[in-house]
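K.L.:
Once you've had a glance at the structure underneath, I'll fire off some questions.
Number of protein chains: 2
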Amino acid sequence: MAAVPASSTRFDRRRAQTRSALIKAAQDLLAEGRTGVPIQEVTERADVGIGTFYNHFDSKDQLFDAAVVDALEQLADLLDSLDSSLTDPAAHFARSFRLTGRLHRLAPQLSRVLLARGHELSTAPQGIGPRARRDILAAQAAGQFEARDLDRAMVLVTGSMIELGRVLHDRPELDGDAMTDEVTSDVLVALGMTRADADRICSTELPRLDDLTTDLLDDPARTATP
Amino acid sequence: MAAVPASSTRFDRRRAQTRSALIKAAQDLLAEGRTGVPIQEVTERADVGIGTFYNHFDSKDQLFDAAVVDALEQLADLLDSLDSSLTDPAAHFARSFRLTGRLHRLAPQLSRVLLARGHELSTAPQGIGPRARRDILAAQAAGQFEARDLDRAMVLVTGSMIELGRVLHDRPELDGDAMTDEVTSDVLVALGMTRADADRICSTELPRLDDLTTDLLDDPARTATP
Numbered sequence: 007m008a009a010v011p012a013s014s015t016r017f018d019r020r021r022a023q024t025r026s027a028l029i030k031a032a033q034d035l036l037a038e039g040r041t042g043v044p045i046q047e048v049t050e051r052a053d054v055g056i057g058t059f060y061n062h063f064d065s066k067d068q069l070f071d072a073a074v075v076d077a078l079e080q081l082a083d084l085l086d087s088l089d090s091s092l093t094d095p096a097a098h099f100a101r102s103f104r105l106t107g108r109l110h111r112l113a114p115q116l117s118r119v120l121l122a123r124g125h126e127l128s129t130a131p132q133g134i135g136p137r138a139r140r141d142i143l144a145a146q147a148a149g150q151f152e153a154r155d156l157d158r159a160m161v162l163v164t165g166s167m168i169e170l171g172r173v174l175h176d177r178p179e180l181d182g183d184a185m186t187d188e189v190t191s192d193v194l195v196a197l198g199m200t201r202a203d204a205d206r207i208c209s210t211e212l213p214r215l216d217d218l219t220t221d222l223l224d225d226p227a228r229t230a231t232p
Numbered sequence: 007m008a009a010v011p012a013s014s015t016r017f018d019r020r021r022a023q024t025r026s027a028l029i030k031a032a033q034d035l036l037a038e039g040r041t042g043v044p045i046q047e048v049t050e051r052a053d054v055g056i057g058t059f060y061n062h063f064d065s066k067d068q069l070f071d072a073a074v075v076d077a078l079e080q081l082a083d084l085l086d087s088l089d090s091s092l093t094d095p096a097a098h099f100a101r102s103f104r105l106t107g108r109l110h111r112l113a114p115q116l117s118r119v120l121l122a123r124g125h126e127l128s129t130a131p132q133g134i135g136p137r138a139r140r141d142i143l144a145a146q147a148a149g150q151f152e153a154r155d156l157d158r159a160m161v162l163v164t165g166s167m168i169e170l171g172r173v174l175h176d177r178p179e180l181d182g183d184a185m186t187d188e189v190t191s192d193v194l195v196a197l198g199m200t201r202a203d204a205d206r207i208c209s210t211e212l213p214r215l216d217d218l219t220t221d222l223l224d225d226p227a228r229t230a231t232p
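Below is the structure:
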């Protein structure tokens, strides 16, 4: 959900609430795979007037994009929230990369936006891009990754995550978890780890992401709790 | 240019010649930055009837795409032809990656197609994708790269090349040659080289690509020699 700043005026708050309701309705429709609906169905579900829609979005596509970006922001929060027990920055980075890679198949709508907008997302001020940069910097500071320019590091990280998604969608016969972990290991080696350390980090157990994503995007039951 | 098989019928040959003339006209227009012209101007330049156009392409966009794919095929041939003096497979791979990375700025139209279709090109049966796979296999056989699944290796290679292009277009203030060589080094390390070997390979002198690309896409003078 879009945050509503406490210091805003009543008008600003209502505006943010309307936007938030539209985004939630779009996320529910995405979860049901029903992005072909008319705008009127979106506004009815969000309980706002159809004229209001265009105060917030130019098109339905723009709304659905915003809905997935919002879901990705929630994903970033989720990946962070998992880490209470994990103080190793490289392991933190690797876990986020391995979980995000698994989303390509577990949350295809979210993956679609990652593929189309991954470069923008990697350089955006919020969401998964800045978290990745933060984790890489921390691993560099801890001596786990080689010290180097972050932009350079992000070329491999972002490019590999996007291309991984394309390959996993194109080739359903591939073992997606295995491929994701192998690519994660390659990225870690490029960032400066030994292959042995990278492979070890990429073979640790992960939280069950199919449980986690039900809270994000893929659970039609969310529509029952507006 | 599209090849004309020797064993084809006269009809097939004429058809291939017409397609080739359309592609050459489109490459010339790309080189002049004039992709907004009507289809009639393309067909006049190719000296074919406007009705003929739709026997070969559904749209002008499809023609321009085919024109750049053809140019990329020429690029792949060119990168191969440079290598008479280079018997080291990893050095061959690195040189092709470093030169292709430089094309993002030297040949923006070609880069545009690389960004939009890089994944398809990497898995296509002809062009730069199969050449990259061939070079990686050779370097693996020579013990320069770690032995591993080619699909896995291509995720990093393709993804990094595409994301590199996005970054170089977005941020004109970056030193494109330096960034390209650094990313190449990272890819080589991910493929199994030591950082020292990778950095050494990426600091060797390159052929001047601004000379080479004039033969490919960026020389309006080509229109004078139909």
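These protein sequences, in sequence, are chains A and B. Position one of the first sequence corresponds to residue 7 (the numbering used here), numbered consecutively onward. Position one of the second sequence corresponds to residue 7 (the numbering used here), numbered consecutively onward. For glycine and all other residues, C-beta sits at the position ideal for the given N, C-alpha and C.
#1: R214 (chain B): buried (16+ other C-beta within 10 angstroms of its C-beta) or exposed?
#2: Going by C-alpha to C-alpha distance, which of B:F17, B:S117 and B:D67 sits closest to R172 (chain B)?
#3: Tell me which residue opens and which closes the alpha helix (DSSP H) that A31 (chain B) is part of.
#4: Using the rule of at least 16 other Cβ atoms within 10 Å of the residue's Cβ for burial, across every protein chain shown, is G55 (chain B) buried or exposed?
#5: Using Cβ-Cβ distances below 9 angstroms, what residues of the stretch 12-43 of chain B are close to chain A?
#6: Would you report the Cα separation of V189 (chain B) and R111 (chain A), rounded to the nearest angstrom?
#7: Going along chain A, which residues have a C-beta under 8 angstroms from V75 (chain B)?
#8: E179 (chain B) CB to nearest chain A CB: under 7 angstroms?
#9: Are at least three pairs of beta-carbons, each pair with one atom in the stretch 155-173 of chain A and one in the stretch 205-213 of chain A, less than 8 angstroms apart?
#10: Return the chain-ordered list of same chain residues with a C-beta closer than 7 angstroms to the C-beta of H125 (chain B), the five sequence neighbours on each side being excluded.
#11: Can you name the residues of chain A whose CB is closer than 8 angstroms to the CB of V193 (chain B)?
#12: What runs of the alpha helix (DSSP H), each 4 residues or longer, lie entirely inside the stretch 57-117 of chain A?
#13: Keeping to the same chain, check which residues put their C-beta closer than 6 angstroms to that of G107 (chain B); ignore five residues upstream and five downstream.
#14: I need the straight-line Cα distance from F103 (chain B) to A148 (chain B), nearest angstrom please.
#15: Taking C-beta pairs closer than 8 angstroms, name the residues in chain A that E50 (chain B) reaches, listed in chain order.
#16: Would I29 (chain B) and A82 (chain B) qualify as a contact pair, given that the criterion is a beta-carbon distance under 7 angstroms?
#17: Could you check whether the Cβ of E188 (chain B) sits closer than 7 angstroms to any Cβ belonging to chain A?
#18: For chain A, is any of its Cβ atoms less than 7 angstroms away from the one on H110 (chain B)?
#19: Counting pairs of beta carbons, one from the stretch 16-31 of chain A and one from the stretch 41-54 of chain A, are three or more of them closer than 8 angstroms?
#20: With distances taken between CB atoms, is the gap from A96 (chain A) to Q33 (chain A) smaller than 7 angstroms?
#21: What are the boundary residues of the alpha helix (DSSP H) that P136 (chain A) is part of?
#22: DSSP state of M199 (chain B), grouped into three classes?
#23: Take A196 (chain B) as the anchor and find which of B:Q146, B:G182, B:I168 and B:E47 has the nearest alpha-carbon.
#24: Give the residues from the stretch 196-213 of chain B that approach chain A closer than 7 angstroms (Cβ to any Cβ), ordered along the chain.
#25: Under 7 angstroms, Cβ to Cβ, is there at least one residue of chain A near S166 (chain B)?
#26: Near G182 (chain A), what residues of its chain come up, given a Cβ to Cβ distance below 8 angstroms and the 5 sequence neighbours on each side ignored?
#27: Rounding to the nearest angstrom, what Cα-Cα distance links F17 (chain A) and F99 (chain A) in this structure?
#28: Please name the residue in A:E79, A:M167 and A:L121 whose C-alpha comes closest to that of I134 (chain A).
#29: Using the Cα positions of L85 (chain B) and E211 (chain B), report the straight-line distance between them to the nearest angstrom.
#30: I want to verify the contact list: residues of chain A whose CB lies under 7 angstroms from the CB of D141 (chain B), in sequence order.
#31: Can you tell me whether R177 (chain A) is buried or exposed, with buried defined as 16 or more other CB within 10 angstroms of its CB?
#32: Just curious, the alpha helix (DSSP H) that E47 (chain B) is in, first and last residue?
#33: Looking at chain A, is there any beta carbon in it that lies within less than 7 angstroms of the beta carbon of L170 (chain B)?
#34: From B:L36, B:T58 and B:V43, pick the residue whose C-alpha is nearest to that of A22 (chain B); which is it?
#35: Which chain B residues sit within Cβ distance under 8 angstroms of R158 (chain A)?
P.N.:
Taking the definition as stated:
#1: With fewer than 16 Cβ atoms within 10 Å of its Cβ, R214 (chain B) is classed as exposed.
#2: When only C-alpha atoms are compared, the closest one is B:S117.
#3: From DSSP, the alpha helix (DSSP H) with A31 (chain B) extends over R16 to A37.
#4: Exposed: under 16 other Cβ atoms inside 10 Å.
#5: Within the stretch 12-43 of chain B, contact with chain A at the beta-carbon level (separation under 9 angstroms) is assigned to no residue.
#6: Going from the Cα of V189 (chain B) to the Cα of R111 (chain A) covers about 28 angstroms.
#7: Contact annotation for V75 (chain B) against chain A: no contact, minimum CB-CB distance about 18 angstroms [criterion: below 8 angstroms].
#8: The beta carbon of E179 (chain B) does not come within 7 angstroms of any beta carbon belonging to chain A, so the residue lies off that interface.
#9: Contact annotation: the stretch 155-173 of chain A does not touch the stretch 205-213 of chain A, with fewer than three C-beta pairs closer than 8 angstroms.
#10: Take H125 (chain B), set aside five residues on each side of it, and the residues of its chain with a beta-carbon closer than 7 angstroms to its own are T164, in chain order.
#11: Against V193 (chain B), the close residues of chain A are L162 and A196, in the order they occur along the chain (beta-carbon pairs closer than 8 angstroms).
#12: For the stretch 57-117 of chain A, the continuous alpha helix (DSSP H) assignments of 4+ residues that do not extend past its boundaries occur at 66-87 and 95-112, in sequence order.
#13: So the list reads L170 and T186, once near-sequence residues are dropped.
#14: Cα-Cα distance, rounded: 19 angstroms.
#15: In chain order: nothing, as chain A lies at least about 37 angstroms away.
#16: I29 (chain B) places its beta carbon 7 angstroms or farther from that of A82 (chain B).
#17: Closer than 7 angstroms to some Cβ of chain A, the Cβ of E188 (chain B) qualifies, so yes.
#18: With 7 angstroms as the cut-off, H110 (chain B) does not count as an interface residue toward chain A.
#19: Touching, yes, given that three or more Cβ pairs across the two stretches are closer than 8 angstroms.
#20: No, these two residues do not count as a Cβ contact at 7 angstroms.
#21: DSSP places P136 (chain A) inside the alpha helix (DSSP H), whose first and last residues are I134 to A147.
#22: DSSP, read as helix, strand or coil, puts M199 (chain B) in coil.
#23: Residue nearest to A196 (chain B) within the set B:Q146, B:G182, B:I168 and B:E47 is B:Q146 (criterion: CA-CA distance).
#24: Listed by position, the residues of the stretch 196-213 of chain B near chain A (Cβ gap below 7 angstroms) are A196.
#25: At least one C-beta of chain A is nearer than 7 angstroms to the C-beta of S166 (chain B).
#26: For G182 (chain A), where only same-chain residues beyond five positions count, the Cβ hits under 8 angstroms are G107, R108, H110, R111 and L174.
#27: Distance between F17 (chain A) and F99 (chain A), taken at the CA atoms: about 40 angstroms.
#28: Ranking A:E79, A:M167 and A:L121 by Cα distance to I134 (chain A) puts A:E79 first.
#29: About 15 angstroms.
#30: The contacting residues do not exist; D141 (chain B) stays about 17 angstroms from chain A at best.
#31: Exposure of R177 (chain A) is indicated by the presence of fewer than 16 other C-beta atoms within 10 angstroms of its C-beta.
#32: Secondary structure note for E47 (chain B): its alpha helix (DSSP H) is the uninterrupted segment I45 to A52.
#33: Closer than 7 angstroms to some Cβ of chain A, the Cβ of L170 (chain B) qualifies, so yes.
#34: The option with the nearest alpha carbon to A22 (chain B) is B:T58.
#35: Per Cβ cutoff of 8 angstroms: M185, E188, V189 and D192.
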